[in-house]
Amino acid sequence: MLQALSAIAGGGALAAIPQSSDAKDASELPPPKRVVTGRDGAGKSVFKSFDVTSKVVEIDANPGLTFYELYMTEGVPGLTGLEPDPMLKGTKAFPGPGGTVFRLISYPPRRPEGWKPPPGVTMESGLRELSDKVPGMGDHFEHDAPGMHTSDTIDYGVVVRGEMTLELDDGQKVHLRQGDCVVQNGTRHRWRNPLPEPCLMAFISIGGKRS
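Heads up, the final residue of the sequence shown is numbered 211 in UniProt numbering, and it's a clean run with no missing numbers.
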């Protein structure tokens, strides 16, 4: 997730891939539309929302890292269809037990050799910004293993556009292409974009409890 901050702390840990001059930054891509259904006073199904995603979070410390916060629930949904939009209250990193968070994340292209972060950015300041904008997110990341993080969730992930590398303990890796899916069972991991173009992934996180 924090690919650029991994490069800051890891020095030459990322091999160089030239960045294409026509590679698009996430900010150049149109935000996704979000459709939310519900019920009206007569109990008929209706569209409650059909608009551009309102919660778009850009991380200045890692240009191109963008969160599209779509929806979240807590506990067992009542399914009345009359619930207010939960995103009006803001967002958070991960749900509590039984809750869900639905988001898209656009990851920046793999950085070219010699790339430097914005002036004044450190691992600590980057994680602080992440937690400020997506409350609590930065707290899940390890300082001595850049990019590695763990959450008490099962995460269903889909590569919507581009390609992504998922890394687990002991350097185990799998390469994911567009359309590939992953079930992340609360394990320690990190994401790295191997290409000189953005990668867009969709995630549904379901809160669990470690036993």
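The C-beta atom is built at its ideal place from N, Cα and C for all residues, glycine as well.
query                                                                                             : result
Meets three-Cβ-pair contact criterion under 8 Å: the region 179-194 and the region 146-166        : yes
9 Å Cβ cutoff, Val-182 in contact with chain C                                                    : This model lacks chain C altogether, as it is built from one protein chain only.
Through-space distance from Leu-65 to Thr-37, alpha-carbon basis                                  : 29 Å
C-alpha gap between Gly-208 and Pro-97, whole angstroms                                           : 5 Å
Coarse secondary structure for Gly-207, derived from DSSP in three states                         : strand
Which of helix, strand or coil DSSP assigns to Arg-34                                             : strand
Proximity test, Val-158 beta-carbon vs the ligand ADP heavy atom, cut-off 8 Å                     : With respect to the ligand ADP, the structure offers nothing, as it holds no ligand at all.
Cβ-Cβ separation, Arg-177 to His-149 (assumed contact under 8 Å), whole Å                         : Wrong, their Cβ atoms sit about 23 Å apart, outside the cutoff.
Unbroken beta strand (DSSP E) run spanning Gly-157, endpoints                                     : 153-161
Length of the line joining the Cα atoms of His-143 and Met-123                                    : 7 Å
DSSP state of Ser-54 mapped onto helix, strand, coil                                              : coil
Inter-residue spacing [alpha-carbon to alpha-carbon] between Thr-187 and Val-101                  : 17 Å
Opposing strand residues paired with Ile-59 [DSSP bridges]                                        : Its beta-bridge partners do not exist; DSSP assigns none.
Proximal residues to Val-52 (C-beta, below 7 Å), its chain only, five neighbours per side dropped : Pro-31 and Lys-33
Cβ pair Pro-196, Met-164 closer than 9 Å                                                          : no
Distance CB(Ser-131)-CB(Met-87) smaller than 9 Å                                                  : no
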